[in-house]
Amino acid sequence: MNDTQNLKAALVMMLSMALFTTGDAIIKFLSDTLPLGQILFLRGLVVCILFVILLSWKKQPILPGACWNRWNILRSVFELLVACTYLAGLVLLPLATAVILVFSSPIMLTILAALVLKEKVGWRRWGAVLVGFIGVIFVADLQQSSLDSWAIILPLTAAFITALRDIFVRNIPSVLSSTQIAFTTAWVVTLGGLATLPFGWQAVSIEHIGLLSLGGVLVMAAYLTYIVTTRIGELSFLAPFKYASIPLAMLIGYLVWGDVPTANSYIGTVIIISSTLFILVRRNKKKGELKAKKLES
69 MNDTQNLKAA LVMMLSMALF TTGDAIIKFL SDTLPLGQIL FLRGLVVCIL
119 FVILLSWKKQ PILPGACWNR WNILRSVFEL LVACTYLAGL VLLPLATAVI
169 LVFSSPIMLT ILAALVLKEK VGWRRWGAVL VGFIGVIFVA DLQQSSLDSW
219 AIILPLTAAF ITALRDIFVR NIPSVLSSTQ IAFTTAWVVT LGGLATLPFG
269 WQAVSIEHIG LLSLGGVLVM AAYLTYIVTT RIGELSFLAP FKYASIPLAM
319 LIGYLVWGDV PTANSYIGTV IIISSTLFIL VRRNKKKGEL KAKKLES
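Counted from 1, the sequence shown has number 196 at position 128 by my numbering; the numbering is strictly sequential.
Okay, here's the thing in structure tokens:
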């Protein structure tokens with residue numbers, strides 16, 4: 069892959085992150101008048117319809133037998149748990165805080181890889197993990213008194229579940245396309261939202277329908293643009309551009325909700341980004357060294 073392809077991929081990655089973040093902001097905005105489960109279900113219906121159209125256009129089976137593979141279903145259940153914990157935190161916390169904290173997933177993954185997979189983690193990566201958690205403390209800014217301060221646990225839980233998914237879900241059938249896997253996740257999350265019906269839903273207005281439909285379109289567009297980045301760019305090069313969602317989340321949070329990040333939040337953000345990027349770089353370097361050793365032998 070040449071530099072031009074990587075540059076194009078980086079621009080598309082930033083677009084993808086912007087779409088995801090804007091979709092998250094819509095959910096946070098709607099949560100003032102609609103229960104989160106209802107939002108997940110109604111937005112999920114839009115996403116599922118769009119996936120069916122996309123799969124039909126690609127001439128791919130909508131629900132092939134392999135979709136019911138236990139690993140594919142387990143992955144989707146993990147994604148449902150991630151959605152529930154992250155979005156619940158999103159409702160209670162400033163938008164930027166939730167976005168920043170969920171980016172701590174590589175830190176969690178490093179710990180789990182060492183404990184569960186017995187992966188050898190050097191002192192540099194352990195140091196980055198420690199520094200990353202210091203960043204989390206800064207972002208949480210526990211000195212600020214707030215009734216919802218406990219909610220920082222929710223996006224951190226989402227990050228932890230994401231790491232668990234990456235550790236335990238590694239055997240999805242190769243016959244499934246990325247679109248079919250994503251569609252499985254979409255309908256599982258949608259059913260998860262439907263399960264909250266007994267807890268009480270609200271009447272939906274035309275404005276709600278418009279925003280929910282827009283949210284569904286944004287999620288679908290974010291997914292498609294993200295797939296494009298993985299096909300035309302190098303993942304190691306693209307990793308830093310995922311963090312483009314953070315300044316956008318700060319801007320939206322300020323314009324819509326009047327959220328002003330504290331100095332500690334800015335410091336913590338820089339620390340988390342630096343530590344996670346260092347972890348990713350070190351991990352990629354180790355993988356490269358292992359491949360080189362295998363080729364030599």
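We treat Cβ as the ideally placed atom computed from N, Cα and C, and that holds for glycine.
As the structure is a prediction and not an experimental result, all values here were calculated from the model.
Residue nearest to residue 267 within the set 104, 91, 76 is 104 (criterion: CA-CA distance). The continuous stretches of alpha helix (DSSP H) do not include residue 218, and DSSP gives it neither H nor E.
Three or more Cβ pairs closer than 8 Å define a contact, and the segment 122-132 falls short of that threshold against the segment 73-88.
If the five residues before and after residue 154 are omitted, its C-beta is found closer than 6 Å to the C-beta atoms of 170, 223, 226, all from its own chain and listed in chain order.
By the C-beta density criterion, residue 195 is exposed, having fewer than 16 other C-beta atoms within 10 angstroms. In the three-state reduction of the DSSP assignment, residue 147 falls in the helix class. The three-state secondary structure of residue 127, taken from DSSP, is coil.
Judged by DSSP in its simplified three-state form, residue 249 adopts helix. For residue 268, no alpha helix (DSSP H) encloses it, and the DSSP letter there is neither H nor E.
When the five nearest sequence neighbours on each side are left out, the beta carbons in the same chain lying within less than 7 Å of the beta carbon of residue 257 are those of 108, 112, 147, 148, 151, in order along the chain. Between residue 165 and residue 207, the gap from beta carbon to beta carbon is short of 8 Å. Around residue 137, the same chain offers 240, 241 as residues with beta carbons nearer than 7 Å, after the five sequence neighbours per side are excluded.
Taking the Cα positions, residue 95 is about 13 Å away from residue 87. For residue 313, the secondary structure class from DSSP, reduced to helix, strand or coil, is helix. Here the alpha carbon of residue 317 sits roughly 8 Å from the alpha carbon of residue 90. Under the three-state reduction of DSSP output, residue 240 falls in the coil class, being neither helix nor strand. Considering only 162, 174, 236, the residue with the shortest C-alpha distance to residue 139 is 236. Note on residue 329: 16 or more other CB atoms within 10 angstroms of its CB, so buried under the neighbour-count rule. Contact between the segment 179-198 and the segment 338-349 is established, with three or more Cβ pairs separated by less than 8 Å. The Cβ-Cβ distance between residue 339 and residue 202 falls below 8 Å. Secondary structure of residue 302 (DSSP, three-state): coil.
The three-state reading of DSSP puts residue 162 in coil, since its state is none of H, G, I, E or B.
Taking 8 Å as the cut-off, the Cβ atoms of residue 172 and residue 204 count as close. For residue 199, the uninterrupted alpha helix (DSSP H) segment begins and ends at 191-208. In the three-state reduction of the DSSP assignment, residue 308 falls in the helix class. Excluding the 5 residues flanking it on each side, residue 293 has same chain C-beta neighbours closer than 6 Å at 80, 83, 84, in chain order. Excluding its 5 nearest sequence neighbours in each direction, residue 308 has C-beta neighbours in its own chain below 7 Å: 345, listed in chain order.
Between residue 110 and residue 180, the C-beta gap is not smaller than 8 Å, which leaves the two residues out of contact. DSSP, read as helix, strand or coil, puts residue 172 in coil.
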